[in-house]
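Undergrad: Would you mind keeping the following structure in view while I ask a few things?
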Amino acid sequence: MPFLEVRGKPLFVIHEGPEDATTKFVFIHGLGSSHCFYTPLVNQLAHKGYSSTAFDTIGSGLSELRPDHESTSIHSIAQDVESIIQQTGATPEEVIVVGHSMGAIVASELAAKLKLKGAILIGPVLPKPALAEIFSQRIETVKKSGMEAMANIIPSAATGSKSTSTQQAFIRSLLLSQKPEGYNSLCRAIAEAGRPSYSSAQCPLLIIAGEEDKTSPVADAQIIFNEWGSKDEDKSRQVLEGRKRCSSACENCKNRKQRCDGTRPCRRCVKRGLGRDCQSSTTRFPLLASSLPSPDPDFRLGQLPTAPTPTATPTAPGYGPAPERMSPRSAAGPSPAHNVVDPALTSPAAPPSDGASISSQLLSSGMTKVPQMSRLVKTKVAHVFVGDSATLSFLQNIRRIVRKCLGSCPFVDDPLRHLIVESSPDTRRGWILSSAQNPPKKQTPEEVQYLQRWYMQSANCVLLLFDQDELQRDMDAWQKDDLASPVYYLVLAIGAQTGPEDQDNLAEEFFNYGRYLTVETLMEDPDIPTIQAFALITMYLLGASRRNSAFMYLGLGVRAAYSLGLHRKDVSALFPPTECRVRERLWKAIRILDLFMSASLGRPPSTSETRDTAAKEDYSACNDLSMIFETVLSDIYAKRTISTEVIERITQHHRRWAAESHEGFEVDGIHPGDLIENSDGTKQPNMGLLHLKQTAYWTIILVSLPFLLKDVSAHVDSNPHSMTGQHKPGASSSNQVLVYSCLEAAIQTVDLLQTVLTAELIPKRLPFLINSVFVSGLVLGVALFGDFDTSFPLERSLRLAKNILHRFSIHDPVAKRHLLILEHMQKACDMYIEMRARWKMERQSNLVGGLFGSIQSVGVPREANEHQGSRQAEDTISTSPRTITRSSAPGLQTPGVDGGPGVGQPEELTHGFSDLIPAISPSLLWFDTFGETMPLYPTVDAGMVEMEPDVRAQLNYNEFIL
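Note that the sequence shown covers residues 1 to 962 in UniProt numbering.
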């Protein structure tokens, strides 16, 4: 047999092809495989004149692992391959290394060390912490049940939909040929594998990934591809598609998750004797491309860019942009209703006639129209809803304004502009089983105290569920009794997640175990710990940049809170004082989380307040501010209209809150002052006060931002240099107070939060603060296009906002994404400032021409000169800078959020301010993005934020108009 002595152990090696070949392939198989995996390739390459070498790694196939051999690792296997290359007389410069799955890790190690001719990675495994748990469990399974257990699972679970029974039988035979000791040694090698230095690899690269590969998803292959050190032109990636699903599968096959041939009756139903029951599926998920508004006026669901994640699937039938699938649009605009349509009604074979609209077909089929405000989400392609108040909706409106002014630029053409960035943890799958079998190790009292302190620091004013002394006492008792309490595990998880040290893996362990205990012990009967656990899970997921998951867990907590009557203060008052305080704190936390997520994602609030939040007894500044938030969302964004009466009611409430908020600090556990002194004498920012004040500024921005966007849009349209070429009158001066309020709130937010730049130790994840900084940065950037920088310090504040996000971007993917957006906006602002300076310079040409003559007109026809002169005169009127005239609002004093100068006594606050509120008849808000676009967005993994845009995926201005 062709054995080769390699570093003191015999390895089975085969070699085919001419010895003098200039290109030599070395094949490295994956876990549970052998050299036989490559036999067809080796023979074909030999016929083509290439030399090929394949071998069984130690512990696989015919390469037997003995007790006296060294412990197997990825590094030792790479050394074996290097020795084989030397013994076969090849040089690294002649060798192309091919690695499959585990073998791809070895191939990457070799490429980083040797100067290879090339590397081919097939379904490459990306080493990460989650693999240790997975393969540790696999080792125990093999020890207990042998290789038969693997052979019964892997052939079907680890193959794609195109695999045949013969191929699965081949994989089964490979697995059964392995010895358990050798297989486990390779499992251990994968579990302990470090991440190769992909950036050190300089050879050409080909990655072959499978769309349905669960072990090595496409997203992991993309990470390897991005980090590989060779030039872009020397790298290539191929994704093998899975089997396309039959669009007309019958209900029986869908329920059994089996392949259907689409005929009636289908062959599977006939074979099972169910021919009479073989019917088309009644599920009506497909939507017409024209039945939903879109992020761009010309953007339809069928053109939605596929999210570059492993869950991306081909466009579903019925989503294509073919004309025959699109409902006719009248000249007056879009249809007032968006409908769900059976594809059979609009199939290409029977397109609707000109005289029969889609709506009439729906009515004739007995289906009910879907109201305009309703939205249906096609969950299989991960579209999620975002509404008017969402930060993403504001961002889309701002991009439209910038496009009108500058045209195409990186800020406008951001390849991720129609995607929601979400973090995708390594432990997303299998966490229940893993947590049940591997509880986190017990922490020392000092470690518990450290994590508890950082939980209290980050949760101050947001999730202050516990009194600090009570929490300390209860956790000490919990540590001694070793009780299985999910609440305390989740407290430790948030402490590890937000503490300044890098303890993300520990945080994930605590979180998954606490979440597992919540599901195991608290799901059936709601009680106070159940709601506390769901609130803590929500907060952790927010900090982990998993907002949609947080939204779903919060919904469970809200339902449990209502079932216990937490929404009624009179019910809580029936309990003893201590328990009453616990219930009130818990309701306050649920309200804050609910309103934050509702506003930031543009979704309806799940809670509604029944208390008199202005009552003096047990007054809470947080509860009162939450009431303002609820009013803004329900009276403005839910109704999508605004009036003088609504604004007056909100601003009056705001003024009263600013004057009285300090009276609720004790109830809310907030200390007065900008800094708090620690037990060791050091000082840190007062996170409770920062959270409270930035939230107050955010409510001001939510009320006034639509007016700012409308004003800036009108200003851009009135500019003859804008891309629209339209000329519209400027915004009404009666709205300027609201516009100025929006700008001042954004500037004050950034000034307030800049304290985190100088603080030495702060929580490294603060999702509430990050959201406020980003919203403020967007306000500051778009205001510059309205020429407000002549009256407000916009550029300075925008730089501060970027610096604050940079502080958090190291650990927070959403902060990193927001920072990238603001950097693009900063560049767009710089372009506009330069253009504006040139316009001003051109306007002075008449004066210069009056002194020295118009040199630029020499040699230019007279008609062109006259046109140039009229354009310059027009510019003088249209691009004049903004100035704030106090005469437009006599006696105006802007009240400070902290109740500083300019704020009167409560009894005086109800008078004297009505004159400042513009007379507004009830009218629709300026929500162009929501009115004419689709509020459904796919999610994308946070790892894609740093990806360079694919040139082939870029769309021109005619295809995407923001």
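Every residue, glycine too, gets a C-beta built ideally from N, C-alpha and C.
By the DSSP assignment, the beta strand (DSSP E) with residue 685 in it spans what residues?
TA: 683 to 685
Undergrad: Based on the DSSP output, what are the partners of residue 449 in its beta bridges?
TA: In the DSSP assignment, residue 449 forms no beta bridge with any residue.
Undergrad: Please list the terminal residues of the continuous beta strand (DSSP E) segment that includes residue 813.
TA: That residue, residue 813, is in no beta strand (DSSP E); its alpha helix (DSSP H) goes 813 to 843.
Undergrad: Using DSSP with H/G/I as helix, E/B as strand and the rest coil, what is residue 250?
TA: strand
Undergrad: Are the CB atoms of residue 64 and residue 10 within a distance shorter than 9 Å?
TA: yes
Undergrad: Pull up the distance between the alpha-carbon of residue 104 and that of residue 14, whole angstroms please.
TA: 19 Å
Undergrad: Please report how far the alpha carbon of residue 828 lies from the alpha carbon of residue 821, in whole angstroms.
TA: 11 Å
Undergrad: Does the Cβ of residue 432 have 16 or more other Cβ atoms within 10 Å, making it buried, or fewer, making it exposed?
TA: exposed
Undergrad: Does any C-beta atom of chain D lie closer than 9 Å to the C-beta of residue 196?
TA: Absence of chain D from the displayed structure is noted, only one protein chain being present.
Undergrad: Helix or strand or just coil, what does DSSP make of residue 15?
TA: Note: residue 15 maps to strand in three-state DSSP.
Undergrad: What residue from 185, 152, 88 and 120 has the CA that sits closest to residue 132's CA?
TA: 185
Undergrad: Can you give me the Cβ contacts of residue 596 inside the same chain, cut-off strictly under 7 Å, excluding the 5 residues immediately before and after it?
TA: 768, listed in sequence order.
Undergrad: Sorted by chain position, which residues of the same chain lie with C-beta nearer than 8 Å to residue 763's C-beta, five sequence neighbours on each side aside?
TA: Shown here for residue 763: same chain residues with a beta carbon closer than 8 Å to its own, the five before and five after excluded, namely 454, 457, 458, 498, 499, 500 and 687 in chain order.
Undergrad: Counting only the same chain and skipping the five closest in sequence on each side, list residues whose C-beta sits under 6 Å from that of residue 193.
TA: Closer than 6 Å at the Cβ level, and outside the excluded window around residue 193, lie 74, 105 and 127.
Undergrad: For residue 471, which residues from the same chain have a beta carbon less than 8 Å from its beta carbon, with the 5 sequence-adjacent residues on both sides left out?
TA: 452, 456 and 491
Undergrad: Express the C-alpha separation of residue 197 and residue 1000 in angstroms, rounding to a whole number.
TA: Nothing in the structure corresponds to residue 1000, since the chain is present only between 1 and 962.
Undergrad: Given residue 46, which residues of its chain have a CB within under 7 Å of its CB, disregarding the five upstream and five downstream residues?
TA: 16, 17 and 52
Undergrad: Per DSSP, which one or two residues make a beta bridge with residue 55?
TA: 13
Undergrad: Residue range of the alpha helix (DSSP H) that residue 741 falls in?
TA: 736 to 753
Undergrad: Select from 7, 542 and 413 the residue whose C-alpha is nearest the C-alpha of residue 77.
TA: 7
Undergrad: Can you tell me whether residue 628 is helix, strand or coil according to DSSP?
TA: helix
Undergrad: Please give me, in chain order, every unbroken run of the alpha helix (DSSP H) with length at least 4 that falls completely inside the region 100 to 169.
TA: 102 to 113, 129 to 145 and 147 to 157
Undergrad: Go to residue 75, then tell me how far its alpha helix (DSSP H) extends in each direction, as first and last residue.
TA: Where residue 75 is concerned, the enclosing alpha helix (DSSP H) stretches over 74 to 87.
Undergrad: In or out: residue 27 buried (at least 16 other Cβ within 10 Å) or exposed?
TA: Result: buried.
Undergrad: Taking only the alpha-carbon atoms, compute the straight-line gap between residue 86 and residue 98 and give it to the nearest angstrom.
TA: 17 Å
Undergrad: What do you reckon, are the CB atoms on residue 512 and residue 423 nearer than 9 Å?
TA: no
Undergrad: Residue 585 to residue 464, Cα distance in whole Å?
TA: In this model, residue 585 and residue 464 are separated by some 7 Å (Cα to Cα).
Undergrad: Quick one: Cα of residue 369 to Cα of residue 259, how far?
TA: Any answer about residue 369 is weak, because its pLDDT of 33 lies below 50 and its placement is not dependable; what the coordinates show is given next. The straight-line gap from Cα to Cα measures roughly 33 Å.
Undergrad: Where does residue 674 land, buried or exposed, given buried means 16+ other C-beta within 10 angstroms?
TA: exposed
Undergrad: If I'm right that residue 606 touches residue 555 with Cβ under 8 Å, what's the distance once you round it to whole angstroms?
TA: 6 Å
Undergrad: In chain order, what residues of the same chain lie with their CB nearer than 6 Å to the CB of residue 560, ignoring the 5 residues before and after it?
TA: 526, 530 and 531
Undergrad: Could you tell me if residue 2 is buried or exposed, where buried requires 16 or more neighbouring beta carbons within 10 angstroms of its beta carbon?
TA: The residue is exposed, with fewer than 16 neighbouring Cβ atoms inside 10 Å.
Undergrad: Could you give the DSSP three-state label for residue 653: helix, strand or coil?
TA: If DSSP states are grouped into helix, strand and coil, residue 653 belongs with the helices.
Undergrad: Tell me whether the region 174 to 189 and the region 146 to 153 touch, counting them as touching only if at least three CB pairs, one residue from each stretch, are closer than 8 Å.
TA: yes
Undergrad: Let me know the beta strand (DSSP E) ranges lying completely inside the region 203 to 239, each 3 residues or longer, listed in chain order.
TA: 205 to 210
Undergrad: Evaluate residue 739 with the Cβ neighbour count: other Cβ atoms within 10 Å of its Cβ, from every protein chain shown; 16 or more gives buried, anything less gives exposed.
TA: buried
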